[in-house]
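**Q** Take a look at the following structure, please.
2 protein chains.
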Amino acid sequence: MKKRIGIVGAGAAGLHLGLYLRQHDIDVTVYTDRKPDDYSDLRLLNTVAHHAVTVQREEALGVNEWPSDQYGYFGHYYYVGTPQPMQFYGDLKEPSRAVDYRMYLPMLMRALEARGGKFSYDTVTADDLEALSEQYDLLVVCTGKFALGQLFDKQPENSPFEKPQRALCVGLFKGIKESQIRAVTMSFSPGQGELIEIPTLSFNGMVTALVLENHIGGDLEILANTKYDDDPQAFLSLLLDKLRKHHPSVAERIDPDEFDLANGSLDILQGGVVPVYRNGHAQLRNGRTIIGLGDVQATVDPVLGQGANMASYAAWVLGEEIVAQSVYDQRFCEHLERRRQDRVTCATRWTNFTLTALSQLPPAFVQFLQVLSQSREMADEFTDNFNYPERQWDYFSSPERIGNWCNKFAPDVAA
Amino acid sequence: MKKRIGIVGAGAAGLHLGLYLRQHDIDVTVYTDRKPDDYSDLRLLNTVAHHAVTVQREEALGVNEWPSDQYGYFGHYYYVGTPQPMQFYGDLKEPSRAVDYRMYLPMLMRALEARGGKFSYDTVTADDLEALSEQYDLLVVCTGKFALGQLFDKQPENSPFEKPQRALCVGLFKGIKESQIRAVTMSFSPGQGELIEIPTLSFNGMVTALVLENHIGGDLEILANTKYDDDPQAFLSLLLDKLRKHHPSVAERIDPDEFDLANGSLDILQGGVVPVYRNGHAQLRNGRTIIGLGDVQATVDPVLGQGANMASYAAWVLGEEIVAQSVYDQRFCEHLERRRQDRVTCATRWTNFTLTALSQLPPAFVQFLQVLSQSREMADEFTDNFNYPERQWDYFSSPERIGNWCNKFAPDVAA
């Protein structure tokens, strides 16, 4: 008898899982309140880069619709706005690629449907889960909507923050010239905020995502609170002014005459993210075990672009374990967590650490930035490790480890 | 600069670790209160079978002194003394091998010393650890003597028992004819106890270890309390009588005229083991992290022969992580535990589960024994999985899992 898996939520995690399971002839039903055709009229959902490890999974799932050699980017430019600015570059070994999720998610949904995945366009709330769980061998929850996230206990040791750490202003723009190499730019304005610029494929072709991570109480916070729709020109003029002041390596590539939202007024998203890490599984009152996946398990600030990548990784591992095992109980969860946990916790910790380090600039982190700016080899490693957050955490988890890493490249720097 | 590792305790765990580290040119000092020449005069230390996975590590460490094709055994005979006795056999894919630790441990010590390992013949107590830890990059504790075990917190969820579950009587004997295939015999006398018979190499060549796991309060408990030295003939006669009554498949191979301890009166050990599972690492007051290995981390009853095998496995993993990493902190412990934990906890849980299941004989376990007795393929798998306790736990961790496993082999049984 075919295994039957229910998936609540149709983000990257749920859809990658569904596609994996269909490749293994497992019966899949996805519950979501949005149809594929709904997406093109939505406000920007997020700004997400898929690193090579994720693109490789898309390739294996047969959904690498926008190949990285054509739509991807090849490294990171770094700009640190210290009194003596630091500017440097690091390569990705294989390109990353960002696509507007208003195009990406419906593409995945249509692919899954074409391969026999079923969709139920219902709203699912926490009250529905017991009944739903009894229709499937396993129920996987990958949306936190309608209080579903709260079914999974928060892990305090991995959830250091109670509120957003940045006032976010995120948009898709035109009128920004590409850098010499098509790459992300990470611009750090000490005390004020970070800007992540991401070459992104959207409805009108390649555009520029600007992820403004503004420090709360700082000069840039106003960008999260000023509405484009109230006065588009005023907003763009304010933004350009702030970019020139705090993020000059991006501002210098902007043509003021062309600078605007890329597709229209829905291309901007403002607000904040409360980072949270939850247990990856829970038991319902009827005794059934449910699995939390993606944002439900770990919600991270977008500053390091880890959310979708770790969700896709966890979905793949979950898919493998669903195929390999046949009883979905506590022991199943042990196997699952042992395999997915390190990447997901390390992506979370590294992101949370970076938010604090970029706000407070402790000496060990400043020394790290200085050595990084001087050693191309180290910058390449740091950049490619956006694929492997657990390796980043091996370096960042203590001042001694950061120090050892810096010392390894000190000869380069001294030379 | 060479890494320097201190190892407190010279059992299989500490010595396998030391040998691994010397293969990687790491400086090793072992602290023990026994010299190699002391061992031949000691009372029997234990009865330990090394499964093929452990023998493979010995081969890799260059200490496979007694090859399994010559000294090993090839499977398990099972005898279940139900009203209609069940008798069956399962093969090991590769032989296991048991050697008297009074020969085995000094062999390892001499090998380690010959390869540059240092030995310090001192007594180490908990009070010495802070000072000692500062002499090494990492201190590994693999003896629970002198309150060292208590430095590591007990995990209540993995430590279900407060006292020994069996009254043990363990000895090396002569006068027992080998089975048709040289093999372990596991004899279960419902309500009374288990007997594990292990072909073992000792000072006088191949002898027979009898591990009598007597239920407390039962007819066999007296064997743990009657002293051989008080009256050897009376003891042997009592033992033979009890074996004939409760473990006939072993008793029938005994020649009463030859039956005696194999080397002399030190070949017997009586008492009990309190199973305990502790955290695998701890922090000293000076901030240094220490690692617990082997019996310090997990002490199991000998009924399933898991202790030394899981200790050797954990030692190997620890060796690999010491070589791969250079900061021995909390993050180091995460990597270590993620890799060793499943085998060590599953060996512990499977052993503790089996102690209870053999005492209480719940229906799912009786059904398991019945199917096992009828399916050679299942008996082979169960037998070879003594190498892989995590696979056993995949089968035994819930009645549903045991049921599924039995159902898989039901067609064999019905045929």
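Quick note, the sequences are listed as chains L and G, same order.
For the first sequence, my numbering begins at 7 and goes up steadily by one.
For the second sequence, my numbering begins at 7 and goes up steadily by one.
Each residue gets a CB set at the ideal place from its N, CA and C atoms; glycine is no exception.
Report yes or no: do three or more beta-carbon pairs, one from the region 275-287 of chain L and one from the region 225-243 of chain L, lie closer than 8 Å?
**A** Enough Cβ pairs lie closer than 8 Å, so yes.
**Q** For Cys6/L, I'd like the list of residues in its chain whose CB is within less than 7 Å of its CB, leaving aside the five on either flank, ordered along the chain.
**A** Since the first residue of chain L shown is 7 and the last is 421, residue 6/L is not available in this structure.
**Q** Quick check: Val282/L and Met316/L, are their CB atoms within less than 8 Å of each other?
**A** no
**Q** Please classify Tyr127/G: is it buried, with 16 or more other beta-carbons within 10 angstroms of its beta-carbon, or exposed?
**A** Tyr127/G counts as exposed, since fewer than 16 other C-beta atoms from the protein chains shown sit within 10 angstroms of its C-beta.
**Q** Output the boundary residues of the alpha helix (DSSP H) element that contains Leu174/L.
**A** No alpha helix (DSSP H) contains Leu174/L, which is instead part of the beta strand (DSSP E) from Ala173 to Lys180.
**Q** Measuring alpha carbon to alpha carbon, tell me which residue in Asp134/G, Tyr26/G, Cys175/G and Ala137/G is nearest Thr121/G.
**A** Per the sequence shown, the amino acid found at residue 121/G is Arg instead of Thr. Check the Cα spacing between Arg121/G and each of Asp134/G, Tyr26/G, Cys175/G and Ala137/G: the tightest is with Tyr26/G.
**Q** So Val333/L contacts chain G; which residues on that side make the cut at Cβ distance below 8 Å?
**A** The answer, in chain order, is Ser404, Glu406, Arg407 and Asn410.
**Q** Could you check the C-alpha separation between His221/L and Asp31/L for me, to the nearest Å?
**A** 48 Å
**Q** Chain G partners of Trp399/L, CB-CB under 8 Å?
**A** Below the 8 Å Cβ cutoff, chain G contributes Arg337 as neighbours of Trp399/L, in chain order.
**Q** Got a sec: is the Cβ-Cβ distance from Asp348/L to anything in chain G below 8 Å?
**A** yes
**Q** Quick one: does Arg294/L have its CB under 8 Å from some CB of chain B?
**A** This model lacks chain B altogether, as its protein chains are L and G.
**Q** From the DSSP output, in three-state form, read off Asp266/G for me.
**A** Three-state DSSP puts Asp266/G in a strand.
**Q** Measuring alpha carbon to alpha carbon, tell me which of Leu138/G, Pro91/G and Arg382/G ends up nearest Lys414/G.
**A** Arg382/G
**Q** Can you find the residues in the same chain that come closer than 6 Å, C-beta to C-beta, to Val105/G, ignoring five residues on each side of it along the sequence?
**A** Trp72 and Leu207
**Q** Can you pull the chain G residues whose beta carbon is under 7 Å from the beta carbon of Ala344/L, in chain order?
**A** Contrary to the premise, residue 344/L reads as Arg rather than Ala in this sequence. Taking the beta carbon of Arg344/L as reference, the chain G residues within 7 Å of it are Arg344 and Asp348, listed in sequence order.
**Q** In this structure, how does DSSP classify Thr38/L when only helix, strand and coil are distinguished?
**A** coil
**Q** Just to confirm my understanding: we take Val59/G, look at its own chain, exclude 5 residues before and 5 after, and list those with CB closer than 6 Å. What are they?
**A** In the same chain as Val59/G, and ignoring 5 residues on each side of it, the C-beta atoms closer than 6 Å to its own belong to Asn393, in chain order.
**Q** Residues in the same chain with beta-carbon distance under 6 Å from Ile182/L, minus the five sequence neighbours each way, listed in chain order, please.
**A** Excluding positions up to five away in sequence, the list reads Thr214, Arg259 and Ile260.
**Q** Ends of the beta strand (DSSP E) at Glu200/G?
**A** Gly199 to Ser208
**Q** Can you tell me whether DSSP reads Tyr84/L as helix, strand or coil?
**A** strand
**Q** State the DSSP-derived secondary structure class of His252/L, mapped to helix, strand or coil.
**A** helix
**Q** Find the nearest neighbour of Gly12/G within the set His341/G, Tyr107/G, Arg294/G and Arg346/G, judged by alpha-carbon distance.
**A** Arg294/G
**Q** What runs of the alpha helix (DSSP H), each 4 residues or longer, lie entirely inside the region 101-174 of chain L?
**A** 107-120 and 135-139
**Q** So if DSSP puts Phe194/L in a beta bridge, which residue, or which two residues, is it bridged to?
**A** Val86/L and Glu200/L
**Q** The alpha helix (DSSP H) with Met212/G in it runs from where to where?
**A** Counting along the chain, Met212/G falls outside any alpha helix (DSSP H), though it belongs to the beta strand (DSSP E) covering Gly211 to Asn220.
**Q** Around the Cβ of Gly211/G, are there at least 16 other Cβ atoms within 10 angstroms (buried) or fewer (exposed)?
**A** exposed
**Q** Would Asn269/G and Phe179/G qualify as a contact pair, given that the criterion is a beta-carbon distance under 8 Å?
**A** no
**Q** Do the region 133-151 of chain G and the region 301-315 of chain G touch if we need at least three Cβ pairs shorter than 8 Å?
**A** A contact between stretches requires three or more CB pairs, one per stretch, nearer than 8 Å, and the region 133-151 of chain G meets this requirement with the region 301-315 of chain G.
**Q** Roughly how many angstroms lie between the CA atoms of Leu67/G and Arg116/G, to the nearest whole one?
**A** 13 Å
**Q** List the endpoints of the continuous alpha helix (DSSP H) containing Arg28/L.
**A** Ala18 to Gln29
**Q** Under 8 Å by Cβ, that's how I've got Ala370/L and Pro405/L pegged, so tell me the actual separation to the nearest angstrom.
**A** Sure, about 4 Å apart at Cβ, within 8 Å.
**Q** Do you know how far the Cα of Leu245/G is from the Cα of Ser271/G?
**A** Straight-line Cα distance between these residues: approximately 15 Å.
**Q** Quick check on Arg188/L: does DSSP put it in helix, strand or coil?
**A** Of the three classes helix, strand and coil, the one that applies to Arg188/L here is coil, per DSSP.
**Q** Between Ile297/G and Leu135/G, is the Cβ-Cβ spacing less than 8 Å?
**A** no
**Q** Around the Cβ of Asn410/G, are there at least 16 other Cβ atoms within 10 angstroms (buried) or fewer (exposed)?
**A** exposed
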